[in-house]
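Here's the structure, in structure tokens; my notes come after.
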Amino acid sequence: MIETRTKDGADPDRSTDADLEARIVVLEIVAMTALALTLDTSDNGNADQARGIAALIQDTVRQRSREVGLTKAAQETADTYAEELLSTALVSLYPDSGTA
């Protein structure tokens, strides 16, 4: 078995709350950047295409949440979080195109 360690030599399975919080912040930044680049599909922007991508992401989050066996409450949390991220990205990219 390969032993995985963090850069500082700590066991990643024993992460502290601060470590987890830091990782979540990084993941959110990476996700939002990638999402913005994906949704901003052209020089003119295409809000309808972006909404289609957002809908696909939301459907995938719902399906995957069920597949991995999240509780109903956790599924709802994941769904709400995905909606918040997508809405923020759409509004920032297409502020004049109405509700995301």
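Here numbering that gives the first Met the number 0 is used: the first residue of the sequence shown is 0, the next is one more, and so on. Here a beta-carbon is modelled for each residue, glycine too, at the ideal position from N, C-alpha and C.
When we look at the beta-carbon of residue i and count the other beta-carbons within 10 Å, is it buried (16 or more) or exposed?
i: Ser91; result: exposed
i: Leu19; result: exposed
i: Leu38; result: buried
i: Ala17; result: exposed
i: Ala73; result: exposed
What separation, rounded to the nearest whole angstrom, lies between the Cα atoms of residue i and residue j?
i: Ser64; j: Thr76; result: 10 Å
i: Val67; j: Arg22; result: 21 Å
Once you ignore the five residues that flank residue i on each side, which residues in its own chain have a CB closer than 8 Å to its CB?
i: Ala35; result: Ala88, Ser91, Leu92
Can you tell me where the alpha helix (DSSP H) holding residue i begins and where it ends?
i: Gly51; result: 46 to 66
i: Asp16; result: 16 to 38
i: Leu89; result: 71 to 92
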